[in-house]
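Everything on this sheet refers to the single structure shown next.
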Amino acid sequence: AINQKKLIQFYVKT
Amino acid sequence: MLEGKFEESSLMKKVVDAIKDSVKLCNFNCTEHGVTVQAVDDSRVLLISLLIGEASFEEYRCDRNITLGIDLESFNKIIKNGNSSDFLTLIAEDSPDNVLIIFEDKKKDRVSEYSLKLMDLDSDFLQIDDMEFDATITMPSSEFAKITRDLKTLSESLQIIVTKENVKFSSDGDFGTGNVVLKGFVDMDKPDESIKIDMARPINLTFGAKYIADIVKGTSLSESVTIKLADKSPALFEYKLPSGFLRFYLAPKFDE
C-alpha cells in the first residue's frame, strides 16, 4: 500500500 | 514595540485566508526584517512558511523581536471586518497580551480599532535546509488551482509526473481516472501565463489531494505558483508576495 509520509521523517525538529 | 502599517488590508486578508484551513494556531514572529510564520498542520504532513518582508509594509517598525501567538480563526473574524482598500495597522507592545488591529478608510474619516487576545503557543521548529530539487515547474496559480479542484473530485491522491517535455497531473479513483498534461511555453505578452518546466531528473510523486486543495488557497496571493519536486521528498509550493513568500512543504505518499 502507498503510505502518507510525515514531515518529521524528512526534517529535524529544533 | 511593533507597528506595521499596510497600504491595503487585502494582503493580510489573503494571507490569513490562505493558511487558516491548514493551521489553527501559529506564532507570528516579528523582527526588524518583517514577519515570519512557520507552522505545521495537525496531521504533520503540511508545513507553511510565511515571510511578509518589511517592504510589504508602508511603515514598519519593530525594535525588539516580538512573538504574536495567534488563533487564526479569531484573527480572521477581525481581519474580515476591514475593507480591502483600508490601511491596516498592527500594533503590539514588547511582551504583548494582545495585538491592536486598526483599519482606516482612505476617503472617510473612519477608524475601526480591534484588539485580539494573544496565546502562549508552544511551537516545534523544523529545520528545512536548502534542498536540491529534481524538477521545478512555474505556472499560473489559477490553472494549478483548477487542475487540483478538478482532479480531487476523482481521487484522494494526486500524482505529479514530470518528464523532459511536460508535466502530468493525474488522479485514479473508484469511478474513473483523469489527467491534465501541460507543456512548457512562453507567453511574451503575459509572462505570468507562461509555463516553465525545468527538469534534471524525471519525477513521479503522489500527494494527498486534500492537502494540495488547501495549498491552492494561496492562489489569490500571486499570479503564478512555483512547484519544486525531488524524488521521495517533500514538495515545495511557493506563492511570491510583493516582498516575501508563502511556501508550503508537503510530504509525499510512497511505498516502502
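Those sequence lines, one after another, are chains A and B.
If you want the numbering used here, it's the 1-based position in the first sequence plus 1.
If you want the numbering used here, it's the 1-based position in the second sequence plus 14.
From the three backbone atoms N, C-alpha and C, an ideal C-beta is built for every residue, glycine too.
All of these numbers come straight from a predicted model, not from anything done at the bench.
{"Check": "Run of the beta strand (DSSP E) containing residue 241 of chain B, from where it starts to where it stops", "Outcome": "238-243"}
{"Check": "CB of residue 90 of chain B within 7 Å of CB of residue 45 of chain B, strictly", "Outcome": "no"}
{"Check": "Within 7 Å, strictly: CB atoms of residue 130 of chain B and residue 113 of chain B", "Outcome": "yes"}
{"Check": "Partners in chain A for residue 263 of chain B, counting only beta-carbon separations shorter than 7 Å", "Outcome": "8"}
{"Check": "Separation of residue 119 of chain B from residue 8 of chain A, as counted between CA atoms", "Outcome": "42 Å"}
{"Check": "Beta carbon proximity, residue 52 of chain B to chain A, threshold 7 Å", "Outcome": "no"}
{"Check": "Contact set between residue 220 of chain B and chain A, taken where Cβ atoms lie within less than 8 Å", "Outcome": "3"}
{"Check": "Residue 213 of chain B classed as buried or exposed, judged by whether at least 16 other C-beta atoms fall within 10 angstroms", "Outcome": "buried"}
{"Check": "CB of residue 185 of chain B within 7 Å of CB of residue 233 of chain B, strictly", "Outcome": "no"}
{"Check": "Through-space distance from residue 23 of chain B to residue 229 of chain B, alpha-carbon basis", "Outcome": "21 Å"}
{"Check": "Contacts of residue 141 of chain B in chain A (Cβ-Cβ under 9 Å)", "Outcome": "12, 13, 14 and 15"}
{"Check": "Alpha-carbon to alpha-carbon, residue 47 of chain B and residue 211 of chain B", "Outcome": "32 Å"}
{"Check": "Residue 168 of chain B and residue 187 of chain B closer than 7 Å at C-beta", "Outcome": "yes"}
{"Check": "Anticipated Cβ contact below 8 Å, residue 166 of chain B with residue 223 of chain B, distance rounded", "Outcome": "4 Å"}
{"Check": "Closer than 7 Å to chain A by CB, residue 124 of chain B", "Outcome": "no"}
{"Check": "For residue 26 of chain B and residue 107 of chain B, believed in contact at Cβ under 8 Å, the rounded distance", "Outcome": "At roughly 20 Å, the Cβ-Cβ gap does not stay under 8 Å, so residue 107 of chain B and residue 26 of chain B are not in contact."}
{"Check": "Local Cβ density within 10 Å of residue 100 of chain B, reported as buried at 16 or more and exposed below that", "Outcome": "buried"}
{"Check": "Any alpha helix (DSSP H) of 4 or more consecutive residues that is wholly inside the region 78-132 of chain B", "Outcome": "86-93"}
{"Check": "Cross-strand partners of residue 176 of chain B (DSSP beta bridge)", "Outcome": "B:181 and B:217"}
{"Check": "Proximal residues to residue 49 of chain B (C-beta, below 8 Å), its chain only, five neighbours per side dropped", "Outcome": "18, 42, 43, 64, 65 and 66"}
{"Check": "Within chain A, the residues that residue 267 of chain B reaches when beta carbons sit closer than 8 Å", "Outcome": "3, 4, 5 and 6"}
{"Check": "Closest Cα partner of residue 246 of chain B within the set B:267, B:70 and B:72", "Outcome": "B:267"}
{"Check": "Buried or exposed (CB count within 10 angstroms, at least 16 for buried), residue 190 of chain B", "Outcome": "exposed"}
{"Check": "Contacts of residue 247 of chain B in chain A (Cβ-Cβ under 8 Å)", "Outcome": "11"}
{"Check": "Residue closest to residue 124 of chain B, alpha-carbon to alpha-carbon, out of B:82, B:178, B:133 and B:95", "Outcome": "B:95"}
{"Check": "Test: residue 215 of chain B CB closer than 7 Å to a CB of chain A", "Outcome": "no"}
{"Check": "Short Cβ contact (7 Å threshold) for residue 238 of chain B with residue 206 of chain B", "Outcome": "yes"}
{"Check": "Inter-residue CB distance, residue 244 of chain B and residue 147 of chain B (contact presumed, cutoff 8 Å)", "Outcome": "5 Å"}
{"Check": "8 Å CB neighbourhood of residue 51 of chain B in its chain, flanking five on each side removed", "Outcome": "33, 40, 41, 42, 43, 62, 63 and 64"}
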